[in-house]
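Before any comments, here is the structure.
In this note's numbering, the protein residues as written are 23 to 138.
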């Protein structure tokens with residue numbers, strides 16, 4: 023029984039190591055996506071500066087830049103949403119591991135402290 027329990031606990035530890043690795047990956051990806059979106063937003067002229075512009079060609083160029091950067095931000099938002107889905111999967115995995123550990127705890131107490 024104790025060897026089986028140790029193997030189960032070791033399996034839970036390995037699963038938790040995997041979960042921690044996945045959390046780190048999600049964090050890095052999210053930071054990268056936020057950084058990319060932020061850079062894209064900061065690369066366009068502020069609207070206040072654009073309002074003072076007298077050249078139609080410059081305003082059209084700014085419009086194209088805004089559209090391109092909006093597309094970039096939307097793409098990064100989609101990627102962030104995918105990572106959010108990954109967090110939901112990670113949360114479920116953590117809950118499953120927690121439930122497994124609680125079952126093992128109950129079995130341990132039942133075997134070692136059952137006075138009936």
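Heads up, the beta-carbon is just placed ideally off N, CA and C, and yes, glycines get one too.
Quick caveat, the model's predicted, so the values are computed rather than measured.
Could you spell out the range, first to last residue, of the alpha helix (DSSP H) harbouring residue 114? It spans 78-135 - the alpha helix (DSSP H) in which residue 114 sits, taken as one unbroken run.
Ignore the nearest five residues each way along the sequence and tell me which others in residue 52's own chain have a CB closer than 7 Å to its CB. Same-chain partners within the cutoff: 102, 105.
C-beta contact flag for residue 27 and residue 135 at 9 Å: No, these two residues do not count as a Cβ contact at 9 Å.
List the whole-angstrom C-beta distance separating residue 112 from residue 45, where the pair is believed to meet the contact cut-off of C-beta under 8 Å. The Cβ separation is near 6 Å, so the contact holds.
Between residue 48 and residue 108, is the Cβ-Cβ spacing less than 9 Å? Yes. Within cutoff.
Taking DSSP as the reference, what is the three-state secondary structure of residue 24? In the structure shown, residue 24 falls within a helical segment according to DSSP collapsed to helix, strand and coil.
Round the Cβ separation of residue 34 and residue 124 to the nearest angstrom and send it over; I've been treating them as touching at under 8 Å. About 11 Å; that fails the 8 Å criterion.
Would you kindly check if the distance between the Cβ of residue 98 and the Cβ of residue 56 is under 9 Å? Yes, they are a contact pair.
From residue 60 to residue 88, what distance separates their C-alpha atoms? Using only the alpha carbons, I get a separation of about 13 Å.
Same chain, Cβ closer than 7 Å to residue 62, neighbours up to 5 away in sequence not counted: Correct list, in chain order: 91, 94, 95.
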